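Asks: What follows is a single structure, and I will ask about it in a moment.
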Amino acid sequence: MNKNYVFLADGFEEVEAITPVDVMRRAGLDVKIVAIGEKSEVIGAHGVKVIADLLFNEVDFADSNWLILPGGMPGAQNLFDYRPLTEQLKKHASKKGNIAAICASPAVVLGQLGLLKGKDATCYPGFENLLKGANHLNDSVVSRDNLITANGPATALKFSLAIIAAEIGIDEAENISSQMMNK
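Here the numbering used here runs 31 ahead of the position in the sequence shown, where the first position is 1.
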């Protein structure tokens with residue numbers, strides 16, 4: 032079974048990290064929280080502590096499906112600065128693997144890695160200059176093929192449902208949305 036991974040670094044935006052995990056698990060998808068670095072406890076931008084399921088070096092990426100990057104600062108910068116993750120993202124992108132990023136991460140991580148060249152994307156306002164070669168859309172969520180980007184914390188549910196729609200189908204995304212009382 033393909034696995035999905037949400038990567039956390041200190042300073043991550045909590046709602047952008049936990050929402051995809053919750054929504055994907057509601058849809059029956061295998062999703063794990065992965066801490067970069069050497070410790071499983073990761074502290075969010077607003078002081079929320081999360082214990083990751085795995086450390087980065089414990090992950091076998093051979094079976095990876097979605098690689099998901101929450102934003103938040105300095106979380107997004109910490110993700111970008113962690114070379115094992117950026118190398119894995121480049122490798123995953125080269126084989127047309129699924130990648131989703133929200134808030135600052137589309138720009139700070141994917142844009143600076145050159146992974147958005149020629150692609151439609153969005154990000155948190157003020158980071159557009161880092162979208163290197165992307166076609167910036169002023170939309171809350173942009174879903175194209177194997178890439179989903181979103182612009183901020185308020186779009187975390189819509190972002191997560193876009194992942195479900197891309198992975199399982201729009202009907203399942205609408206079903207999960209309805210169960211969550213999202214009107």
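Where is the CB? At the ideal position from N, CA and C, for every residue including glycine.
As the structure is a computational prediction, the values presented were derived from the model and not from experiment.
Specify whether the region 99 to 108 and the region 63 to 77 touch according to this definition: at least 3 beta carbon pairs, one from each stretch, less than 8 Å apart.
Replies: Touching, per the Cβ criterion.
Asks: List the endpoints of the continuous beta strand (DSSP E) containing N129.
Replies: Along the sequence shown, read from residue 1 onward, the residue named residue 129 stands at position 98. Unbroken beta strand (DSSP E) run through N129: 129 to 133.
Asks: Note down, in chain order, each residue of its chain lying with its Cβ closer than 6 Å to the Cβ of A196, except the 5 sequence neighbours on either side.
Replies: The residue given as residue 196 occupies position 165 in the sequence shown. Closer than 6 Å at the Cβ level, and outside the excluded window around A196, lie A204.
Asks: Look at the Cβ atom of K86, then the Cβ atom of A66, and state whether they are nearer than 8 Å.
Replies: Your numbering for residue 86 matches position 55 in the sequence shown. Your numbering for residue 66 matches position 35 in the sequence shown. The residue asked about is misnamed: residue 86 is Leu in this sequence, not Lys. Closer than 8 Å, so yes.
Asks: If we ignore side chains and look at the alpha-carbon of each, how far apart do N177 and D170 end up?
Replies: As a working mapping, residue 177 is identified with position 146 in the sequence shown. As a working mapping, residue 170 is identified with position 139 in the sequence shown. Near 17 Å, if we compare the C-alpha coordinates of D170 and N177.
Asks: Indicate whether N213 and L188 have their beta-carbon atoms separated by less than 8 Å.
Replies: Taking the sequence shown and counting its residues from 1, one reaches residue 213 at position 182. Taking the sequence shown and counting its residues from 1, one reaches residue 188 at position 157. Their beta carbons are under 8 Å apart, which means N213 touches L188 by this criterion.
Asks: According to DSSP, what are the bridge partners of H77?
Replies: Here residue 77 corresponds to residue number 46 of the sequence shown, with the count starting at 1. In DSSP, H77 forms no bridge with anything.
Asks: For the structure I just gave you, are there three or more beta carbon pairs, one from the region 109 to 123 and one from the region 159 to 167, closer than 8 Å?
Replies: The region 109 to 123, when compared against the region 159 to 167, does not touch it at the 8 Å Cβ threshold.
Asks: Alpha helix (DSSP H) containing K121: first to last residue?
Replies: On the sequence shown, position 90 is the one that residue 121 refers to. Unbroken alpha helix (DSSP H) run through K121: 114 to 125.
Asks: Give every residue of the same chain whose Cβ lies closer than 8 Å to the Cβ of R56, excluding the five residues on either side of it in the sequence, and list them in chain order.
Replies: As a working note, residue 56 is residue 25 in the sequence shown. Closer than 8 Å at the Cβ level, and outside the excluded window around R56, lie V62.
Asks: I need the straight-line Cα distance from V173 to E72, nearest angstrom please.
Replies: Residue numbering aside, residue 173 sits at position 142 when the sequence shown is read from its first letter. Residue numbering aside, residue 72 sits at position 41 when the sequence shown is read from its first letter. The straight-line gap from Cα to Cα measures roughly 31 Å.
Asks: Please name the residue, chosen from N88, V139, V46, that lies closest to G68 on a Cα-to-Cα basis.
Replies: Sequence index remark: in the sequence shown, residue 68 carries index 37 (1-based). Nearest option by C-alpha distance: N88.
Asks: Which one or two residues does DSSP pair with A66 in a beta bridge?
Replies: Numbered from its first residue, the sequence shown carries residue 66 at position 35. In DSSP, A66 forms a bridge with L39, L86.
Asks: Restricting to Cα atoms, I'd like to know which of R175, Q210, L192 is closest to T50.
Replies: Position 19 of the sequence shown, counted from the first residue, corresponds to residue 50. Of the listed residues, the one whose Cα sits closest to T50 is L192.
Asks: Would you please verify whether the beta carbon of L188 is less than 8 Å from any beta carbon of chain B?
Replies: You won't find chain B in this structure, because it holds only one protein chain.
Asks: Got a sec, what are the start and stop residues for the beta strand (DSSP E) I99 sits in?
Replies: Numbered from its first residue, the sequence shown carries residue 99 at position 68. Looking at the DSSP string, the run of the beta strand (DSSP E) that includes I99 is 95 to 100.
Asks: Decide if G142 is buried, meaning its Cβ has at least 16 other Cβ atoms within 10 Å, or exposed.
Replies: Here the question's residue 142 lines up with position 111 in the sequence shown. So G142 ends up on the buried side.
Asks: DSSP three-state label for S174, please.
Replies: Stepping through the sequence shown from its first residue, residue 174 is reached at position 143. If DSSP states are grouped into helix, strand and coil, S174 belongs with the strands.
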